[in-house]
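S.K.:
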Amino acid sequence: MHHGISEQQWFDYLELTIEASARRPIDAHLRGCAPCRALLDDIRAWESQVREEASRLAAAVDCPAPEIDRLLAEVLNRIHAGQPAALSSGGRWSCSEAVLLLRALLDPICGAGASRNAISLAASQSCPPEQPRVAAGNWPLFVSNLSSAIAAVYGSATGLLVRRAGACLALEVC
1 MHHGISEQQW FDYLELTIEA SARRPIDAHL RGCAPCRALL DDIRAWESQV REEASRLAAA
61 VDCPAPEIDR LLAEVLNRIH AGQPAALSSG GRWSCSEAVL LLRALLDPIC GAGASRNAIS
121 LAASQSCPPE QPRVAAGNWP LFVSNLSSAI AAVYGSATGL LVRRAGACLA LEVC
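Numbering follows the numbering used here, in which position 148 of the sequence shown is assigned residue number 148; successive positions increment by one, without gaps.
1. What beta strand (DSSP E) runs, 3 residues minimum, are completely inside the stretch 1-69?
2. Taking the alpha helix (DSSP H) that R133 falls in, what are its first and last residues?
3. Can you give the Cα-Cα distance for S55 and E7, rounded to whole angstroms?
4. With respect to the alpha helix (DSSP H) encompassing N138, which residues constitute its N-terminal and C-terminal limits?
5. Between the alpha carbons of A81 and N138, how many angstroms are there, rounded?
6. Would V134 pass as a contact of S147 if the rule is Cβ separation under 9 Å?
7. Nearest by alpha-carbon distance to C110: which of D27, G159, L169 and P132 is it?
8. Beta-carbon within less than 6 Å of L141's beta-carbon, same chain only, minus the 5 sequence neighbours each way: which residues are those?
9. Once DSSP output is grouped into helix, strand and coil, what is the label at P128?
10. Rounded to whole angstroms, how far is the Cβ of A73 from the Cβ of C168, which I believe are closer than 8 Å?
11. If you reduce the DSSP assignment to three classes, tell me which class G155 lands in.
12. Buried or exposed: L121, going by 16 or more other Cβ atoms within 10 Å of its Cβ?
13. Could you check if N145 is buried or exposed, using at least 16 other CB atoms within 10 Å of its CB as the buried criterion?
Dropping the structure here:
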């Protein structure tokens, strides 16, 4: 929580998925709070770095498995290093951040709309109705469902990349 705005609200705000009624107070807060505007700028810069690193991984789809694992480890280390301090949770990513990382990986391959839809589908298949967001307890099922959906449309190599990235992130997810 940062000035009364939760991490999930920040991500929803950035993704433009937050309802207008919830967006207005954040907009008003940002107009008067320089630290939060700076945090928003930091998050946007980090998101840009995540997308750049994801593009590197997307280019590696045809690499041998050990090379993909090496690249994933390097990319995750670089992304961790650039993470805004306000989002850092002791060297671990929240589930929201991990989903964002997978989406950034998929955007250059599938396009933003398709990756958002695939993630929404996998989340709806993986999460109980009373808890509609991905959490640590349903992370493996979410990754499996996402990998299967992506493999069905974009091929087994891309599905494998998602599965490997998800497994790497599973070690980091709170």
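Glycine included, C-beta positions come from ideal geometry on N, C-alpha and C.
M.R.: Reading it off the structure:
1. The qualifying runs do not exist here; there are none.
2. Translated into the one-based positions of the sequence shown, residue 133 becomes position 133. Unbroken run through R133: none, as it is neither H nor E.
3. Counted from its first residue, the sequence shown places residue 55 at position 55. Counted from its first residue, the sequence shown places residue 7 at position 7. For S55 and E7, the distance between alpha carbons rounds to 25 Å.
4. Against the sequence shown, residue 138 aligns to sequence position 138. For N138, there is no enclosing alpha helix (DSSP H), as DSSP gives it neither H nor E.
5. Indexing the sequence shown from 1 puts residue 81 at position 81. Indexing the sequence shown from 1 puts residue 138 at position 138. Distance between the alpha carbons of A81 and N138: 26 Å.
6. In the sequence shown, counting from the first residue as 1, residue 134 sits at position 134. In the sequence shown, counting from the first residue as 1, residue 147 sits at position 147. No. Outside cutoff.
7. Residue numbering aside, residue 110 sits at position 110 when the sequence shown is read from its first letter. Looking at D27, G159, L169 and P132, the one whose alpha-carbon comes closest to that of C110 is G159.
8. Taking the sequence shown and counting its residues from 1, one reaches residue 141 at position 141. In its chain, beyond the 5 residues on either side, S126 have a beta carbon closer than 6 Å to the beta carbon of L141.
9. Position 128 of the sequence shown holds residue 128. P128 carries a coil assignment under DSSP once its states are collapsed to helix, strand and coil.
10. In the sequence shown, the residue the question calls residue 73 occupies position 73. In the sequence shown, the residue the question calls residue 168 occupies position 168. That belief holds up - the Cβ atoms of A73 and C168 are roughly 7 Å apart, short of 8 Å.
11. The residue given as residue 155 occupies position 155 in the sequence shown. Three-state result, G155: coil.
12. Looking up residue 121 in the sequence shown gives position 121. L121 comes out exposed.
13. Taking the first residue of the sequence shown as position 1, residue 145 is located at position 145. So N145 counts as buried.
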